[in-house]
Amino acid sequence: LNKQTGLMPLEEGEDVIPDHGELTIDEDNGDKVHNEENDNRNLVDDNTSQAITADELHKMRSDPSLSGAEIVETIIKNSASFSAKTSFSKAKYIKKKQMKYQPRCRLVRCT
Numbered sequence: 001l002n003k004q005t006g007l008m009p010l011e012e013g014e015d016v017i018p019d020h021g022e023l024t025i026d027e028d029n030g031d032k033v034h035n036e037e038n039d040n041r042n043l044v045d046d047n048t049s050q051a052i053t054a055d056e057l058h059k060m061r062s063d064p065s066l067s068g069a070e071i072v073e074t075i076i077k078n079s080a081s082f083s084a085k086t087s088f089s090k091a092k093y094i095k096k097k098q099m100k101y102q103p104r105c106r107l108v109r110c111t
């Protein structure tokens with residue numbers, strides 16, 4: 001981990017999003033569905049579920065001792081609606097925050 005840039009090298013075949021379980025097939029219509037009880041129908045996107053302010057996030061981003069992974073973890077812990085989301089929505093939320101707060105680059109050898 002490079003503390004100055006916050007970049008972390010990816011291993012071969014490693015993905016940005018962790019695996020969040022298998023999908024199951026609904027026998028009735030053949031669609032892929034998640035077998036879980038959470039759903040997103042009652043979630044309202046009005047920016048009140050995040051306890052961290054924009055100023056606090058800016059301070060965290062400018063602090064060289066904090067890595068991008070620590071910032072993303074803090075954002076997730078301070079989200080009131082994260083636990084109510086489906087696993088697909090959680091993975092999507094994590095990827096979105098990683099892309100914003102964990103800049104990554106891939107170095108490829110020229111051929």
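Going by my numbering, the sequence shown opens with residue 1, and the numbers climb by one from there. Think of the CB as a built atom: it goes at the ideal place given N, C-alpha and C, for glycine as much as any other residue. Bear in mind that the values here come from a model prediction, so they are computed numbers and not experimental data.
### Buried or exposed by the 16-neighbour rule on C-beta atoms within 10 Å, applied to Val72
With at least 16 other beta carbons inside 10 angstroms of its own, Val72 counts as buried.
### Query
Skipping 5 residues on each side, what residues in its chain have a beta carbon closer than 7 Å to that of Gly30?
Confidence in Gly30 is poor, its pLDDT being 44 and thus under 50, which makes the residue's placement unreliable; the coordinate value appears in the next sentence. There are no such residues.
### Message
Tell me the residue span of the alpha helix (DSSP H) that contains Lys85.
### Response
Counting along the chain, Lys85 falls outside any alpha helix (DSSP H), and DSSP gives it neither H nor E.
### Query
Below 8 Å between beta carbons: does that hold for Tyr101 and Gly68?
Yes, the pair counts as a contact, with Cβ atoms nearer than the cut-off.
#### Entry: Close-in-space but distant-in-sequence residues of the same chain around Gln117 (CB under 8 Å, 5 per side omitted)
Coverage of the chain is limited to positions 1 through 111, which leaves residue 117 absent and any answer about it impossible.
### Message
Just verifying my parser: in three-state terms, what is the DSSP assignment at Asn29?
### Response
Interpretation of Asn29 is limited by its pLDDT of 47, a score under 50 that renders its predicted location unreliable; the figure taken from the coordinates is listed afterwards. Coil, per DSSP.
### Query
Mapping DSSP to helix, strand and coil, what is Gln102?
Correct three-state label for Gln102: coil.
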